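See structure below.
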């Protein structure tokens with residue numbers, strides 16, 4: 002199936018990627034080819050087949066830990082990689098444009 | 132570099148450990164020998180993104196002090212190792228081979244790093260990989276390519292290319308990688324070393340940069356099966372910080388290692404010998420199977436009829452999960468951040484445009500599409516149902532066999548640049564490894580000889596029942612006993628240490 006340039010732009014917008022015109026063209030072509038390849042999944046009859054929604058082994062329960070207060074990163078450590086900060090907050094550009 | 136220290140770099144974990152325990156060598160000497168070997172060879176190989184000599188020498192001194200006091204922590208105490216740059220290492224830059232994480236210094240360690248260091252292992256540095264573990268050749272690293280130590284014009288495989296190349300090049304005795312669709316087993320096969328992807332849930336993923344969370348698993352790369360078993364024993368087990376890590380007790384992986392193949396029922400899936408397997412690869416795999424039979428194993432033909440659908444299911448599920456996991460790289464909290472922008476939304480899209488390479492973008496696009504309104508049922512949900520069918524194939528096979536065996540990949544290591552233009556050709560390198568991840572099973576690559584024409588290493592793939600890594604290791608060891616470990620890299624033989 003062929004993805005149009007408009008569809009590529011719509012997906013890029015959903016994914017918060019700003020693609021250049023050359024990338025848009027290339028992705029339209031490559032993603033169409035990949036979708037053609039995965040189309041063979043639609044030849045399988047999956048009626049009544051349960052989706053495998055997680056990869057835990059059968060019978061393996063997810064253990065819930067105690068709801069206890071544990072030490073966590075100090076604010077200065079947690080903010081150590083912040084591109085910009087103000088006090089104990091991450092600073093970002095204007096939200097309302 | 133003296134011949135003596137060059138000899139040290141070809142030792143495995145066990146031999147290093149024995150000499151350390153006997154105090155005939157110090158951790159400092161092992162670390163210095165490894166650093167010299169990296170210096171002499173890595174300009175050509177490109178396995179390391181970062182070497183941390185001062186940190187390593189400090190830790191080596193601590194290990195030496197412990198050993199002098201007779202307080203040996205484990206077989207790994209004082210042994211140099213390196214890890215894929217996907218593991219968070221406190222205080223050591225961690226990039227996942229992406230520009231978007233350049234300069235990121237994690238504030239905490241991954242659980243597997245904590246466990247290795249608690250055992251006394253000495254971290255030498257961070258290893259090259261495909262960006263965000265997306266790739267089969269290591270060519271998607273944003274920083275530099277990694278080359279196959281057996282032939283520097285070829286790829287080491289990916290995505291854990293550096294993990295396999297560093298071990299094959301005798302830079303370190305062992306390393307850690309991750310495997311989401313074959314990313315440990317493929318490079319292990321291409322580089323002639325042992326690689327193991329444990330059962331999903333056997334090893335904690337805490338502090339491992341996420342690609343596809345229902346498929347990612349951490350595992351060892353080493354030059355011997357025993358060393359892989361030692362590393363797995365160190366990193367396996369429940370971690371309260373990873374809710375998908377299993378609470379099942381960890382087997383003793385060394386106890387049954389020498390039992391041999393006698394009595395094993397080995398399944399040979401007919402679908403793994405179709406679809407363009409190179410004749411020389413097939414010959415070596417068949418030869419390995421014949422050796423098992425001679426040792427008293429029983430070969431049973433089995434069928435995994437949904438094998439060919441693995442790639443399709445994988446590239447929908449893995450990309451969908453990746454599109455969600457990679458949403459966190461937005462320029463707010465860490466990593467690259469475009470600030471020459473008009474507002475927040477532009478900061479997101481500019482940061483991501485500049486920071487991600489082509490393969491992560493391609494996969495984010497595909498995953499976003501597969502999850503988007505109107506397409507979810509047709510793509511993502513259907514792929515999850517096919518995943519169930521793939522898992523059932525294996526369940527059925529394991530009713531009559533103990534392990535399944537076949538090729539790791541259809542070919543030996545391919546040339547750098549050979550497949551970069553066609554994503555689908557690249558994806559097909561994973562056709563035999565991907566179903567193991569989808570079914571959440573343990574899988575392994577063990578060297579099974581050199582290709583008759585190319586003289587490149589080839590790996591045999593073994594896949595086992597959930598949490599039955601012990602049987603995989605036993606079967607791999609039975610082959611290793613006959614064939615021996617993978618070959619030393621001929622391409623690096625000349626001028627090693629000559630300052631070339």
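Protein chains in written order, with the numbering used here: chain A, 2 to 98; chain B, 132 to 631.
Glycine included, every Cβ here is placed at the ideal spot set by N, Cα and C.
Remember, predicted model here, so these are calculated numbers, not experimental data.
Who are the Cβ neighbours of residue i in its own chain at under 6 Å, not counting the five residues just before and after it?
i              : result
residue 331(B) : 348, 571
residue 482(B) : 462, 467, 468, 469
residue 76(A)  : 89
residue 340(B) : 217, 227
residue 631(B) : For residue 631(B), the pLDDT reaches just 33, beneath the cut-off of 50, and the residue's location in the model is therefore unreliable, although a value from the coordinates is still provided. Contacts found: none.
residue 252(B) : 207, 210, 212
residue 312(B) : 445, 561, 565, 568
residue 385(B) : 360
residue 277(B) : 177, 178, 259, 269, 287, 292, 293, 296
From the DSSP output, in three-state form, read off residue i for me.
i              : result
residue 402(B) : helix
residue 576(B) : strand
residue 465(B) : coil
residue 326(B) : strand
residue 256(B) : strand
residue 75(A)  : coil
residue 195(B) : helix
residue 174(B) : helix
residue 409(B) : coil
residue 515(B) : helix
residue 308(B) : strand
residue 85(A)  : coil
residue 271(B) : coil
residue 595(B) : strand
residue 68(A)  : coil
residue 220(B) : strand
residue 397(B) : strand
residue 350(B) : strand
residue 180(B) : strand
Is residue i buried or exposed, if buried means 16 or more other CB atoms sit within 10 Å of its CB?
i              : result
residue 133(B) : Model confidence at residue 133(B) stands at a pLDDT of 43, short of 50, so the residue's coordinates are unreliable and nothing is read from them.
residue 507(B) : exposed
residue 97(A)  : exposed
residue 314(B) : buried
residue 94(A)  : buried
residue 418(B) : exposed
residue 544(B) : buried
residue 155(B) : exposed
residue 65(A)  : exposed
residue 352(B) : buried
residue 629(B) : Per-residue confidence for residue 629(B) stands at a pLDDT of 38, beneath the threshold of 50, marking its modelled position as unreliable; no derived number is given.
residue 44(A)  : exposed
residue 222(B) : exposed
residue 200(B) : exposed
residue 70(A)  : exposed
residue 6(A)   : exposed
residue 310(B) : buried
In the DSSP assignment, what are the bridge partners of residue i?
i              : result
residue 567(B) : Partner(s): none; residue 567(B) has no beta bridge.
residue 367(B) : 334(B)
residue 588(B) : 581(B)
residue 212(B) : 254(B)
residue 432(B) : 399(B)
residue 282(B) : 279(B)
residue 10(A)  : Beta-bridge pairing links residue 10(A) to no other residue.
Apart from the five residues just before and just after residue i, which ones in its own chain have a Cβ nearer than 7 Å to its Cβ?
i              : result
residue 605(B) : 387, 388, 390
residue 250(B) : 204, 205, 207, 208, 365
residue 337(B) : 241, 242, 370, 372, 373
Whose C-beta lies closer than 8 Å to the C-beta of residue i among residues of the same chain, with five residues either side of it excluded?
i              : result
residue 63(A)  : 57
residue 541(B) : 406, 407, 408, 409, 412, 559, 560, 562, 563
residue 546(B) : 284, 285, 286
Answer yes if the segment 493-503 of chain B comes into contact with the segment 402-413 of chain B, meaning at least three C-beta pairs across the two stretches below 8 Å, and no otherwise. no
So, do the segment 282-300 of chain B and the segment 525-533 of chain B have three or more beta carbon pairs nearer to each other than 8 Å? These segments do not touch.
Cβ pair count under 8 Å reaching 3, the segment 152-167 of chain B against the segment 602-616 of chain B: no
Any contact between the segment 192-199 of chain B and the segment 231-244 of chain B? By contact I mean 3 or more CB pairs, one from each, below 8 Å. The segment 192-199 of chain B vs the segment 231-244 of chain B: no contact.
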